[in-house]
Structure formats: structure tokens, C-alpha cells
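S.K.: Questions regarding the structure given below will be posed in turn.
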Amino acid sequence: MQLDEAYWTNRYKEKSTGWDIGSPSEPLKQYLDQIFQKDLKILIPGAGNAYEAAYAFRTGFKKVHILDFSTVPLDQFKKSYPEFPTDQIFLENFFEHQGKYDLILEQTFFCALNPELRQSYAEKIFELLHPGGKIAGVLFSREFEHTGPPFGGTVEEYLTYFKPKFEIVSMEPCYNSIPPRLGNELFFQLRKPK
1 MQLDEAYWTN
11 RYKEKSTGWD
21 IGSPSEPLKQ
31 YLDQIFQKDL
41 KILIPGAGNA
51 YEAAYAFRTG
61 FKKVHILDFS
71 TVPLDQFKKS
81 YPEFPTDQIF
91 LENFFEHQGK
101 YDLILEQTFF
111 CALNPELRQS
121 YAEKIFELLH
131 PGGKIAGVLF
141 SREFEHTGPP
151 FGGTVEEYLT
161 YFKPKFEIVS
171 MEPCYNSIPP
181 RLGNELFFQL
191 RKPK
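All the letters of the sequence shown, read from the start, carry residue numbers 1 to 194 under this note's numbering.
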């Protein structure tokens, strides 16, 4: 299975978007609500319909950037949020993106990638963060019986990618997941050393 731009565009066109909960995820919403430094430069890769970006922007984070390689969700986002700066919307492959960020938010992107790309993901996140920058978000804390996406995993596996490069701030069971995912998610925060 090729998890390329065509695959994801077809999923959007067919409305086969089970990952899309129609609103910002509660873990990321609550995380953003605790941040008072509103001038952080934020990236949301694999943003899809980018509800978290819209929420962040409306609550004062003006340097939010979204990235996806399917035009369908990005075009929909532009229509839904015409006030969002278009120069902060990237139609691009995450692994080719260039920039430096204070915070990267992870919501359903990691689990959509082919697991063979997980080490490359960790390396790219490290490259995109400023020293002292953080990535925070949600990962699945279970394996799936079906062939993904989504692809699951375990804390032990995730640490093999992240521990060599990042300070592990937290990686714990997520207490505020949506009901269908409750008990199956981790909330994690990693910091790039200064």
C-alpha cells in the first residue's frame, strides 16, 4: 500500500476519514490552554482539517503553521478560516519541509505514517525544532490487529526513536482522550536539548 498524496486525497474525497473527530482534540486543546507565551512559532504536520490550528489561532497564537500534502483538507481549511494567513499553510511533504519552530503538535500524523518512516520522523522533528523547542501530542499506546493506517505502537518502541535525541518530558496514558480512544492513547512531550 502506497501511503502517498493520492492515497490520502482519495480518503478525503471518499469521506473515509475516521481519524477526523470534527473538532480540536481535547488533549491538544487543554495543552494549548496552558501556554501563555502566544508568540511561539508552531507547526502542525499532517494537519488534515487542522481544527487544532484554528483553535490555536483563535486563542491568540498567530504563528501557527499547518502542513499537509493533500490539497483537499487544506483547501477546505482556507474556505473555513479565510482570516488564517495563507503563507502559514504548506502543501508539502513533511520530510522535505524547511523551517525552525518552537513547538510542533502531533495529532494523528505519526500513526498515519508507514512505521518504516518513524526513525526519519524523529530525525526530521529534531531538525525542525529550535534548541529548547518541544513536540507535544498524542500517540496510540496499542497495536492494531488490522494492517494500518492507523499504525499503533508501544512506549518502549517510541522511546527507541526519541530517547537518543530528545529529553523525555512526559509519555503517559492520556486521561482526556475522546471516548472511543480512551485507554489507547499516550500524551507525550519531548524537548530538544539546548
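Don't be surprised by glycine CBs; every beta carbon is placed ideally from N, CA and C.
Between the stretch 66-79 and the stretch 121-138, can you find at least three pairs of beta-carbon atoms closer than 8 Å?
M.R.: no
S.K.: Start and end of the beta strand (DSSP E) containing Arg191?
M.R.: The residue given as residue 191 occupies position 191 in the sequence shown. Start and end: 185-191.
S.K.: Please specify which runs of the beta strand (DSSP E), each continuous and at least 3 residues long, are wholly inside the stretch 92-135, giving them in chain order.
M.R.: Entirely contained in the stretch 92-135, the beta strand (DSSP E) runs reaching 3 residues are, in chain order, 101-107.
S.K.: What are the boundary residues of the alpha helix (DSSP H) that Leu159 is part of?
M.R.: The count along the sequence shown starts at 1 and reaches residue 159 at position 159. It spans 155-162 - the alpha helix (DSSP H) in which Leu159 sits, taken as one unbroken run.
S.K.: Going by DSSP, what residues sit across from Asp68 in a beta bridge?
M.R.: Locating residue 68 in the sequence shown gives position 68, counting from the first residue. Looking at the DSSP assignment, Asp68 forms a beta bridge with Leu91.
S.K.: Which value, in whole angstroms, describes the spacing of the CA atoms of Ala136 and Leu40?
M.R.: The count along the sequence shown starts at 1 and reaches residue 136 at position 136. The count along the sequence shown starts at 1 and reaches residue 40 at position 40. Their Cα atoms are separated by approximately 13 Å.
S.K.: When the Cα atoms are used, what is the spatial distance from Leu139 to Leu105?
M.R.: Counted from its first residue, the sequence shown places residue 139 at position 139. Counted from its first residue, the sequence shown places residue 105 at position 105. About 11 Å.
S.K.: Give me the DSSP bridge partner(s) of Gly137.
M.R.: Walking along the sequence shown from the start, residue 137 turns up at place 137. Answer is Glu106, Phe188.
S.K.: Closer than 8 Å is the cut-off here; do at least three beta carbon pairs connect the stretch 84-102 with the stretch 147-167?
M.R.: no
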